[in-house]
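Colleague: The listed protein sequences derive, respectively, from chains A and B.
The opening residue of the first sequence carries number 325 in this note's numbering; numbering runs sequentially from there.
The opening residue of the second sequence carries number 1345 in this note's numbering; numbering runs sequentially from there.
We put the CB at the ideal spot given by N, CA and C, even for glycine.
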Amino acid sequence: MFAIEMSAILPPQASEFAAGYDLFFWYITAVIVGGAAVVFAMLAGFSYLYARRTPTDKTPRILGSTKVEVIWTVIPFLFFMSFFVIGVRLYNEQVKIPPDAPEYFVAGKQWMWKMQHPDGVREIDELHLPICDERDASGTLTEPGVKITATSEDVIHDFGVPAFRSKFDVVPGRYISVGYKPTKEGTYHIFCDQYCGQGHSQMIGKLHVLSKANYESWKQGVYRLPGKNPVDGSPAWEGRKLFLKLQCNSCHNNEANARAPQLAGMYGEYRPLEDGTMQKFDDEYVRRSIRNPISQVAAGWKTIMPAYGSSQVDEIELRNLTAYIKSLKKGERLPDRTEMAPAPVGAPVQASEGNK
Amino acid sequence: MTTKVPYLHYTPQSIPTPELPPEQEKKRKHYLNHDYGILSWLLTVDHKRIGLMYLVTASVFFLFGGLAVMLVRLNLIVPTGAILELDQYNKAFTAHGTIMIFLFLIPVIPGVLGNFLVPLMVGAKDMAFPKLNLLSYYVWISGALFFVWQLTVGGLDTGWTLYPPYSSKYSHTNVLYAGLGIFITGFASILTAMNIIATVHKMRCPGMTWSRLPLFIWAMYATSLIQLLSTPVLAVTVILLATEKLTGIGIFDPALDGDPILFQHMFWFYSHPAVYIMILPGMGVISEVITCFSRKNIFGYKAVAWSSVGIAVVGFLVWGHHMFLAGQGYYLGMLFSILTMLVAVPSAIKVFNWAGTMYKGSISFEAPMLYTIGFLVLFTIGGTTGLYLGVMGSDIHLHDTYFVIAHFHFTMVGGMLMAWMAGLHFWWPKMTGKMYSDFWSRLAAVVTIVGFIMTFMPQFVLGFNGMPRRYPNYAPEFQFLNILSSAGASIQGIGYVMPLFYLTASLFTGRKAGSNPWQATGLEWQTPSPPPMHNFDATPVVYFPPYEYALPNGLGMLADAGITPGSNPALEPAFAPAAGQHEVSHGS
Chain A
325 MFAIEMSAIL PPQASEFAAG YDLFFWYITA VIVGGAAVVF AMLAGFSYLY
375 ARRTPTDKTP RILGSTKVEV IWTVIPFLFF MSFFVIGVRL YNEQVKIPPD
425 APEYFVAGKQ WMWKMQHPDG VREIDELHLP ICDERDASGT LTEPGVKITA
475 TSEDVIHDFG VPAFRSKFDV VPGRYISVGY KPTKEGTYHI FCDQYCGQGH
525 SQMIGKLHVL SKANYESWKQ GVYRLPGKNP VDGSPAWEGR KLFLKLQCNS
575 CHNNEANARA PQLAGMYGEY RPLEDGTMQK FDDEYVRRSI RNPISQVAAG
625 WKTIMPAYGS SQVDEIELRN LTAYIKSLKK GERLPDRTEM APAPVGAPVQ
675 ASEGNK
Chain B
1345 MTTKVPYLHY TPQSIPTPEL PPEQEKKRKH YLNHDYGILS WLLTVDHKRI
1395 GLMYLVTASV FFLFGGLAVM LVRLNLIVPT GAILELDQYN KAFTAHGTIM
1445 IFLFLIPVIP GVLGNFLVPL MVGAKDMAFP KLNLLSYYVW ISGALFFVWQ
1495 LTVGGLDTGW TLYPPYSSKY SHTNVLYAGL GIFITGFASI LTAMNIIATV
1545 HKMRCPGMTW SRLPLFIWAM YATSLIQLLS TPVLAVTVIL LATEKLTGIG
1595 IFDPALDGDP ILFQHMFWFY SHPAVYIMIL PGMGVISEVI TCFSRKNIFG
1645 YKAVAWSSVG IAVVGFLVWG HHMFLAGQGY YLGMLFSILT MLVAVPSAIK
1695 VFNWAGTMYK GSISFEAPML YTIGFLVLFT IGGTTGLYLG VMGSDIHLHD
1745 TYFVIAHFHF TMVGGMLMAW MAGLHFWWPK MTGKMYSDFW SRLAAVVTIV
1795 GFIMTFMPQF VLGFNGMPRR YPNYAPEFQF LNILSSAGAS IQGIGYVMPL
1845 FYLTASLFTG RKAGSNPWQA TGLEWQTPSP PPMHNFDATP VVYFPPYEYA
1895 LPNGLGMLAD AGITPGSNPA LEPAFAPAAG QHEVSHGS
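1. Nearest chain B C-beta to residue 523 (chain A) closer than 8 Å, yes or no?
2. Could you please give me the residues that DSSP links to residue 1656 (chain B) through a beta bridge?
3. So which residues of chain A does residue 1792 (chain B) contact, with C-beta pairs closer than 7 Å?
4. Is the separation between the beta-carbon of residue 1577 (chain B) and that of residue 397 (chain A) shorter than 8 Å?
5. Answer yes or no: do residue 497 (chain A) and residue 434 (chain A) have a C-beta to C-beta separation smaller than 8 Å?
6. Could you pull the DSSP bridge partners for residue 595 (chain A) from this structure?
7. Going by C-alpha distance, which of A:458, A:438, A:442 is nearest residue 494 (chain A)?
8. Kindly indicate if chain A contains any beta-carbon less than 8 Å away from that of residue 1782 (chain B).
9. Mark residue 656 (chain A) as exposed unless 16 or more other C-beta atoms lie within 10 angstroms of its C-beta, in which case mark it buried.
10. If you run the structure through DSSP and keep just helix, strand and coil, what is residue 516 (chain A)?
11. Throw me the rounded Cβ distance for the residue 1697 (chain B) and residue 1643 (chain B) pair, which I believe falls under 8 Å.
12. Return yes when the Cβ of residue 1523 (chain B) is within less than 8 Å of the Cβ of residue 1582 (chain B), no when it is not.
13. Can you list, in chain order, the residues of its chain with a C-beta nearer than 7 Å to that of residue 1726 (chain B)? Leave out the 5 residues immediately preceding and following it.
14. I'd like to confirm the pairing. Which residues does DSSP put opposite residue 473 (chain A) in its beta bridges?
15. With a threshold of 8 Å on Cβ separation, who are the neighbours of residue 588 (chain A) within its own chain once the five nearest residues in sequence on each side are excluded?
16. Using 8 Å as the threshold, is the segment 1615 to 1630 of chain B in touch with the segment 1658 to 1665 of chain B, meaning 3 or more CB pairs across them?
17. If you run the structure through DSSP and keep just helix, strand and coil, what is residue 1588 (chain B)?
18. Using three-state DSSP, classify residue 549 (chain A) as helix, strand or coil.
19. One question on the structure: do residue 569 (chain A) and residue 665 (chain A) come within less than 8 Å of each other, judged by their Cβ atoms?
20. Taking residue 375 (chain A) as the query, report the chain B residues whose CB atoms sit under 7 Å from its CB, ordered along the chain.
21. Quickly, what does DSSP pair residue 1569 (chain B) with across the bridge? List them, please.
22. So, with DSSP's three-state summary, where would you put residue 1556 (chain B)?
23. Which first and last residues belong to the alpha helix (DSSP H) in which residue 1781 (chain B) is found?
24. Taking only three categories from DSSP, how would you classify residue 406 (chain A)?
25. Quick one: is residue 601 (chain A) buried, meaning 16 or more other Cβ sit within 10 Å of its Cβ, or exposed?
26. For chain B, is any of its Cβ atoms less than 8 Å away from the one on residue 517 (chain A)?
27. Using three-state DSSP, classify residue 1772 (chain B) as helix, strand or coil.
28. Excluding five sequence neighbours on each side, which residues of the same chain lie with their C-beta closer than 8 Å to the C-beta of residue 1516 (chain B)?
29. The beta strand (DSSP E) spanning residue 534 (chain A) covers which residue range?
30. At a CB-CB cut-off below 8 Å, which residues of chain A make contact with residue 1556 (chain B)?
31. Where does residue 439 (chain A) fall in DSSP's three states?
32. Return the chain-ordered list of same chain residues with a C-beta closer than 8 Å to the C-beta of residue 1463 (chain B), the five sequence neighbours on each side being excluded.
33. Per DSSP, what kind of secondary structure is residue 558 (chain A) in: helix, strand or coil?
34. With distance defined between alpha-carbon atoms, name the residue in A:334, A:576, A:501, A:636 nearest to residue 425 (chain A).
35. Taking all protein chains shown into account, decide if residue 1435 (chain B) is buried (16 or more other Cβ within 10 angstroms of its Cβ) or exposed.
36. Is residue 1745 (chain B) close to chain A, meaning its C-beta is less than 8 Å from at least one C-beta of that chain?
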């Protein structure tokens, strides 16, 4: 366990983005210190030079000067525009994530952070990430880094990692993603930055950046699902179990007269809806289709699917279902209508297993 | 001789303002002594008395809000929280925010100085709708009572921003009462704004053209436009929130198929312009004070006046910069960011123009001027640090941290509150007829400003290090800066309590101020202090633009205007250079 770096003057710089951010921060600082210095010099200088000498001091009647006013309008404006342009590019860097970046899922909940690694390993209030350190000859990182996707189980939270200079609101009902390229090993704060109620200040966590070797060995030490059958524990595998447990397959199956649309090979495609619009089959669509199925019914199908609220399917489970649906390639078979969820390990074996 | 020109607007300083002999002055009836008794105050339609009623009530709320933040700052001395439970802390900072914003910052300058000064400055006998004016005070008070009541029955813990779904579903505190309070005080805002707009349009005295309006009036006018147009949106938002809470109809809660970001859009559509509602009147005050104490014309009247209007208009289009990280989308964010850069320009212009006004002046440093210089220094810091937050890239790290807290306190307290103190000290002699202690008032100004800087400078560093706002408990490495900040807050607190004493004392022991203690040019200074019941004994006539402090010889200027000493200008409105544009004074 590493101690959190104890500096309260300059925060640690632990990601590719943080370095760029700090450059920009100090650029703005330099400009505004310069601007403020002009104002303060005027105030101090005039206060000193033109302090009242006698009650009858005469003052010149100066009504303004267009030339001077244009100067102090245009110069700040140009600087402000430069802030805008660089700022937009910087923001873009945080939200444009390489498509091959492995996806970590974060679910905020009053007042804890639930994390799930791409291979299904879960943590609470802690997140271990591998470092990005492969560079090409010019020193540019060649790794994609990691993608963090988050949503909330209840109110709006905000996932902030000051050492990465990164932050984004975690909003219930939608997914928001950012990319990280951690460059410095260490342990850093995770803060909830959006006020979320009583335990807001306790909704904190630790983010550990580990070397690749340490990351792998850390994962080896993580408790895996036990059982006779080898399980891969991945989100898609968990999702398949859930698919069976919730009996999604009683309608979403391979039979010719299935009562619900086929799901294999759909992810990423556009499909027509009952209302005539085309909808991309993406994470948000899957999410809405489970939480509130009648809102976007696929063309030609009846509105028979029940809604699954957060008490039946929590955010991580929903994410795993999505991962399962996403993993179904075209032509792949959904489970048969009669397939049942495997009994939990250790459950008593019944004489007539399976059918009622 | 020259005293026969009693109400010549912007009398250059060489013309003394008429003073009555002491024995007559004692018997003179003015707005404070023409009638006594509690009902003569509670049922008054006199804009000056209503202004004073606002002064007393807003000051009480300011003290309440200050007490709440004392708890907050005390608690933050220790990383694990010194005195409060988590819930208590959340309620304390919410009480601080809601009281300071809805019951102090928004109403105080329009309510006190706006009410008191707008008719005086435009040369009218009263507001356009005196009874509506009284009504708006009572509407405001009844809204405020909901806040006070909800505090006594358990408080509110949502923060002043009331974001759903926390406020609509998860908070078990008095969201509805507070919402009702916001809704009702909003109507008071709207009524006051209407009244001021109507007064500025229809009640200006002869010769008071738009280009001769004092900049305080321009600022109040721009403020009123914002209030009139944006406050209804807040009312709608609060109603929708209450609807969701009471009936379970999904509007903002995603579990009910609502959209929480919609609330933020609607909320900030009001609440961003609201920061201009708070700061613009303060900017108006600064223009009045800095010209008077530098004895100079304002540098660039048109730029200062139009930048108020520019801020009011563009300020409506920047609300989304509160939501860069809330999932509003990249291109929308870009639009809001560039508009935010645009709205920063007029503020920069104003600051430079005020500083430019001091150039070659004859500057004296009584309390109003010290507060004004404090304003210029602190508002410059507050305004420029806002740039970090209005730029998409730099906002990522600073969003919702103490950097934001420091920034908006620099604008709201360092800007608006300093301006309010400057204005209060500037016009106190006019309101009460008494001068306060010069020494204590200067000391209070210095103490306040020093305490302020010590409180909020460390918070910039805390924010850059990532300390989130609204945290009763925090990481131990932030403790030193928090202690520094709390220490500064207590110094600042002393600075705010001091005026309570010396201003109150001045009512009893202060020397007579006379009609124009600062030798200022505004119309309000051309009538005795305290002003008579109907402000002016005769309808004033205006011949000059404002702030003619530099004229070497007022009489020469008068001769140019075709008026000689002894002639009565009140009978010669045709001599006003801009005759034809003027309005006839109300009921004269």
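Modeller: Walking through what the data contain:
1. Position 199 of the first sequence, counted from the first residue, corresponds to residue 523 (chain A). Chain B contact via Cβ: present.
2. Position 312 of the second sequence, counted from the first residue, corresponds to residue 1656 (chain B). According to DSSP, which records beta bridges pairwise, residue 1656 (chain B) is partnered with nothing at all.
3. In the second sequence, the residue the question calls residue 1792 (chain B) occupies position 448. Those within 7 Å of residue 1792 (chain B) in chain A number zero; the least Cβ separation is about 17 Å.
4. To locate residue 1577 (chain B), count along the second sequence from 1; it is residue 233. To locate residue 397 (chain A), count along the first sequence from 1; it is residue 73. In this structure, residue 397 (chain A) does not lie closer than 8 Å to residue 1577 (chain B) by Cβ.
5. Looking up residue 497 (chain A) in the first sequence gives position 173. Looking up residue 434 (chain A) in the first sequence gives position 110. Going by C-beta atoms, residue 497 (chain A) is not nearer than 8 Å to residue 434 (chain A).
6. Counted from its first residue, the first sequence places residue 595 (chain A) at position 271. DSSP output for residue 595 (chain A) lists A:603 as bridge partner(s).
7. Locating residue 494 (chain A) in the first sequence gives position 170, counting from the first residue. Of the listed residues, the one whose Cα sits closest to residue 494 (chain A) is A:438.
8. Position 438 of the second sequence, counted from the first residue, corresponds to residue 1782 (chain B). No, because no Cβ of chain A sits closer than 8 Å to the Cβ of residue 1782 (chain B).
9. On the first sequence, residue 656 (chain A) is found 332 positions in, with the first residue counted as 1. Answer is exposed; the Cβ neighbour count stays below 16.
10. Position 192 of the first sequence holds residue 516 (chain A). Reduced to three states, the DSSP call for residue 516 (chain A) is strand.
11. As a working mapping, residue 1697 (chain B) is identified with position 353 in the second sequence. As a working mapping, residue 1643 (chain B) is identified with position 299 in the second sequence. A Cβ-Cβ distance of about 5 Å is found for the pair residue 1697 (chain B) and residue 1643 (chain B), placing them in contact under the 8 Å criterion.
12. Along the second sequence, one-based indexing puts residue 1582 (chain B) at 238. Along the second sequence, one-based indexing puts residue 1523 (chain B) at 179. Yes; because the gap between Cβ atoms is below 8 Å, this pair is in contact.
13. Within the second sequence, numbered from 1, the residue matching residue 1726 (chain B) stands at position 382. Excluding positions up to five away in sequence, the list reads 1751, 1754, 1755, 1758, 1759.
14. For the purposes of this step, residue 473 (chain A) is taken as the residue at position 149 of the first sequence. Paired residues: A:429, A:501.
15. Numbered from 1 along the first sequence, position 264 holds the residue referred to as residue 588 (chain A). If we look at residue 588 (chain A) and ignore the five residues flanking it on each side, its Cβ neighbours are 652, 653, 654, 655, 656, 657, 658.
16. yes
17. One-based indexing of the second sequence puts residue 1588 (chain B) at position 244. Residue 1588 (chain B): helix per DSSP, three-state reduction.
18. Counting from 1 along the first sequence, the entry for residue 549 (chain A) is found at position 225. Note that residue 549 (chain A) has pLDDT 46, beneath the 50 cutoff, so the model's placement of it is unreliable and no number is given.
19. As a first step, residue 569 (chain A) must be located in the first sequence, where it is residue number 245. As a first step, residue 665 (chain A) must be located in the first sequence, where it is residue number 341. Result yes, Cβ atoms of residue 569 (chain A) and residue 665 (chain A) sit closer than 8 Å.
20. Residue 375 (chain A) sits at position 51 when you count from the first residue of the first sequence. Neighbours of residue 375 (chain A) across chain B, judged by C-beta separation under 7 Å: 1707.
21. Translated into positions along the second sequence, residue 1569 (chain B) becomes position 225. In the DSSP output, where bridge partners are listed per residue, residue 1569 (chain B) has none listed.
22. As a position in the second sequence, residue 1556 (chain B) is number 212, starting the count at 1. Correct three-state label for residue 1556 (chain B): helix.
23. Taking the first residue of the second sequence as position 1, residue 1781 (chain B) is located at position 437. Careful: residue 1781 (chain B) lies outside any alpha helix (DSSP H) and carries neither H nor E.
24. Counting from one through the first sequence, the residue named residue 406 (chain A) turns up at place 82. Residue 406 (chain A) falls in the helix class under three-state DSSP.
25. Translated into the one-based positions of the first sequence, residue 601 (chain A) becomes position 277. When all chains shown are included, residue 601 (chain A) counts as exposed.
26. Translated into the one-based positions of the first sequence, residue 517 (chain A) becomes position 193. Residue 517 (chain A) counts as touching chain B.
27. Locating residue 1772 (chain B) in the second sequence gives position 428, where the first residue counts as 1. When secondary structure is reduced to three states using DSSP, residue 1772 (chain B) falls in the helix class.
28. Taking the second sequence and counting its residues from 1, the one referred to as residue 1516 (chain B) is at position 172. Cβ within range, chain order: n/a, list empty.
29. To locate residue 534 (chain A), count along the first sequence from 1; it is residue 210. 529 to 534 is the extent of the beta strand (DSSP E) around residue 534 (chain A).
30. The count along the second sequence starts at 1 and reaches residue 1556 (chain B) at position 212. Chain-ordered listing is empty here: chain A has no CB closer than 8 Å to the CB of residue 1556 (chain B), the nearest sitting near 13 Å.
31. Indexing the first sequence from 1 puts residue 439 (chain A) at position 115. Three-state result, residue 439 (chain A): strand.
32. Locating residue 1463 (chain B) in the second sequence gives position 119, counting from the first residue. Taken in chain order, the residues that qualify are 1391, 1469, 1470, 1471, 1543, 1547, 1879.
33. Reading the first sequence from its first residue, position 234 is the one you call residue 558 (chain A). Residue state, collapsed to three classes: coil.
34. As a working note, residue 425 (chain A) is residue 101 in the first sequence. Minimum Cα distance to residue 425 (chain A) is reached at A:501.
35. Along the second sequence, read from residue 1 onward, the residue named residue 1435 (chain B) stands at position 91. Label assigned to residue 1435 (chain B): buried.
36. Here residue 1745 (chain B) corresponds to residue number 401 of the second sequence, with the count starting at 1. So, interface residue.
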